[in-house]
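Residue numbers (numbering that gives the first Met the number 0), protein chains in the order written: chain W, 0 to 311; chain R, 0 to 231. From the three backbone atoms N, C-alpha and C, an ideal C-beta is built for every residue, glycine too. From a predicted model like this one, the values you see are computed outputs, not experimental measurements. Each remark here refers to the structure printed beneath this line.
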Amino acid sequence: MIELRNVSRSYGPFQALCDVSFTVPERGVLGLLGVNGAGKTTAMNVMTGYLPPNAGEVLVDGKSLQREPRACKRRIGYLPEVPPLYDEMTVRDFLAFVCQLREVAGRAIPDHVREIIDLCALNEAAGRPIGKLSKGYRQRVGIASALCGDPATVVLDEPTVGLDPRQVVETRELIAELGKRHAVVFSSHQLSEVLKLCDRVVILHQGRVVREAKLDELSGEGGPRLRLRAMGRPSRLIPALRGLEGVRRVRPLPDSDGAVTSCEIEGAPGERNLQARLFRLLASLDAPILLLMPGDDSLERVFLKLTSGENG
Amino acid sequence: MIAIWRRELQAYFYTPVGYVYMGVFLALSSGLFIVQMLAQRSTDLVTFVGLMSYLWMLLCPVLTMRLLAEERQKRTDQLLLTSPVSLPAMVLGKYLAALTVLLATVALTLVYVAVVAVYGTVFPAETATAYLGFVLQGCAFVAVDLLCSALTRSPTAAAVMALGVNFALWMMDLVTDSVPQWLAEVLSFLSLYARNEPFLMAQLSFASCLYDLTVAAASLAAIVWILDRRRR
């Protein structure tokens, strides 16, 4: 478990992190979210010991990373934004080298490397020089290196950036798999990715934590949003929809006409039965549904709300 | 530290750097051997070793240029600095790798001693003392040049900077006649070449040994300090 306590970090006059506190639980996937320059990479660099904080403390299983760096660093594997790879080495040699760095016993290294190569599906590339691998494979080698020494926590900085769609899916599957055995911290710009992978999220904005929550808590905050198109006059359906229990707001859309109503419906926070209620209401009004689909994502709205304006 | 030493040693020979360094050193020292020893039918190995020491000035930058600069340039320092390896151990591992290649090259130059031994007379004590000075001077040059590699993220800039520093160290010795007495004494005290002279006169100078080792240790300590300060 990693705990950041009131961590601040600046680069000259620029304050990259300011009084940041959050905890990485022992299992599962934690997403670090934020716009560019929010402090995600700095937070990762600090929690892995690459950069010391200017103030505050990082605790790894209760031990201070600043006072006991060796013991703490053994518990953390890190894939930075640019995978730190030696191009002239083969994948197998490189992973063996990282195992040595991470103090894996000499005799155990070949088996450990084999296991990681299998897990990261690197068998085809194992004997090739890293410099000759595709970007997707290089990213996999980077993730594999973060797993050397079987660290309790794996920190991945934007692991899917620059990959093609197939590689993105494969990398996501790998991260989900890792989340079952390790604590995984990963940063991303893509909210859809966070939705698919994370149990918890920490949203950073201008170097501060503006929200730390379980994903379902956060998704429930904005309330569900649906887009509806139904047969019936807007003057009849819109007031009926506004009066429905669990509906917070109804916004008519311009593609409505005299016979068809088109609108966006926002449910109350935590509302889970909105669709069922809509079906029943529209059936009772004899207004066949032509289209009913999810509106914009609630996490996206929460994220935008928290990361816009002076106070986020 | 051993892991880093081994990796760097492999890297010298995975890439052309190690071969270029050893090849050029041996080519130039062979040229010197032909001109200085064979052509003149001389068995004066001490003078020959003294001349070979000028090759450190030219070639040590090749050995050290990428060791730290390239780590920064390719951001592989993130791997090392987030591993359970201390900064001094990391620097020492790299230094020892460069030193190993240097010592291997020195070992190959013993062929010249063997040639002289076959066709003439070798004075073992004098030759060994000259070689000791030669090696210690190499240790100091590698550390100073490694310090240059810690100052930049470009291996080429590191090599040029190291060449300039080595050249300045040599010039310090040359300008002693044209500067005030007190400055000449300071420059002679600091010059790696002036410090090598006792070894070439078959004197096992403790002061010179200590000076070379101090320059190396101070350079390595400065590297650790620089790398640590840069992260803060």
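Check: Rounded straight-line distance, which links the Cα of L303 of chain W to that of E192 of chain W; Outcome: 16 angstroms
Check: Per DSSP, cross-strand counterpart(s) of Y136 of chain W; Outcome: Looking at the DSSP assignment, Y136 of chain W forms no beta bridge with any residue, so it has no partner.
Check: Cut-off 7 angstroms between Cβ atoms - residues of its own chain near R194 of chain R, not counting five sequence neighbours on either side; Outcome: S207, Y210, D211
Check: Sequence-distant residues of its chain with Cβ nearer than 6 angstroms to Y11 of chain R (five each side left out); Outcome: G17, V100
Check: Beta carbon proximity, Q77 of chain R to chain W, threshold 8 angstroms; Outcome: yes
Check: Through-space distance from V301 of chain W to I222 of chain R, alpha-carbon basis; Outcome: 47 angstroms
Check: Cβ-based burial, R204 of chain R [other Cβ within 10 Å; buried from 16]; Outcome: Note that residue 204 of chain R is Ser in the sequence shown, not Arg. Buried, since its Cβ has 16 or more Cβ neighbours within 10 Å.
Check: Proximal residues, the stretch 80–100 of chain R versus chain W, C-beta separation under 9 angstroms; Outcome: L80, T81, S82, P83, V84, S85
Check: D117 of chain W to Y49 of chain W span [Cα, whole Å]; Outcome: 28 angstroms
Check: For V178 of chain R and E184 of chain R, the rounded distance between their alpha carbons; Outcome: 10 angstroms
Check: Residues of the stretch 54–68 of chain W whose Cβ lies closer than 9 angstroms to any Cβ of chain R, in chain order; Outcome: P68
Check: Enclosing beta strand (DSSP E) for K213 of chain W [first to last residue]; Outcome: 207–213
Check: A149 of chain R: contacting residues in chain W (beta-carbon distance under 8 angstroms); Outcome: Residues of chain W passing the Cβ test: none, with the nearest at roughly 17 angstroms.
Check: Pick from R:V34, R:G22, R:L91 that is closest to A216 of chain R, judged by C-alpha positions; Outcome: R:L91
Check: Interface residues of chain W facing T14 of chain R [CB-CB closer than 8 angstroms]; Outcome: E87
Check: Near the ligand FMN: L78 of chain R beta-carbon under 7 angstroms from a heavy atom; Outcome: Ligands displayed in this structure: none; no statement on the ligand FMN is therefore possible.
Check: Test item: CB-CB of F24 of chain R and L50 of chain R under 8 angstroms; Outcome: no
Check: Classification of M88 of chain W by the beta-carbon crowding that lies within 10 angstroms, buried from 16 upward; Outcome: buried
Check: Span separating the alpha-carbon of G311 of chain W from that of F96 of chain W; Outcome: Legend: pLDDT at G311 of chain W = 35, less than 50; position of this residue unreliable, value from coordinates given subsequently. C-alpha separation (whole angstroms): 44 angstroms.
Check: Any C-beta of chain W under 8 angstroms from that of A124 of chain R; Outcome: no
Check: I33 of chain R versus R74 of chain W: straight-line alpha-carbon distance, rounded; Outcome: 58 angstroms
Check: Under 8 angstroms between C-beta atoms of V141 of chain R and L62 of chain R; Outcome: yes
Check: Contacts that A10 of chain R makes with chain W (C-beta to C-beta distance below 9 angstroms); Outcome: Y85, E87, M88
Check: Spatial distance of A161 of chain R from L177 of chain W (CA atoms); Outcome: 45 angstroms
Check: Start and end residues, alpha helix (DSSP H) containing D227 of chain R; Outcome: 205–230
Check: Between the CA atoms of A37 of chain W and E309 of chain W - distance to the nearest angstrom; Outcome: Residue confidence is low: E309 of chain W scores 43 on pLDDT, short of 50, so the model does not pin down where it sits. Its coordinate-derived value is still stated next. Straight-line Cα distance between these residues: approximately 13 angstroms.
Check: Below-8 angstroms beta-carbon distance, R230 of chain R vs any chain W residue; Outcome: yes
Check: Rounded separation between P233 of chain W and E299 of chain W - CA only; Outcome: 29 angstroms
Check: Contacts around V259 of chain W, its chain only, beta-carbon distance under 8 angstroms, and the 5 residues preceding and following it disregarded; Outcome: R228, A229, M230, G231, L289
Check: R248 of chain W, DSSP secondary structure in three states; Outcome: strand
Check: Chain-ordered chain W contacts of R74 of chain R [CB-CB under 8 angstroms]; Outcome: P79, V81, P83
Check: 8 angstroms Cβ cutoff, R73 of chain W in contact with chain R; Outcome: yes
Check: Residues bridged to T22 of chain W [DSSP beta-bridge criterion]; Outcome: W:E2
Check: Inter-residue spacing [alpha-carbon to alpha-carbon] between R101 of chain W and C147 of chain R; Outcome: 28 angstroms
Check: Listed by chain order, chain R residues near E102 of chain W by CB distance under 7 angstroms; Outcome: P83
Check: Per-residue burial, K131 of chain W [other beta carbons within 10 Å of its own, 16 or more giving buried]; Outcome: exposed
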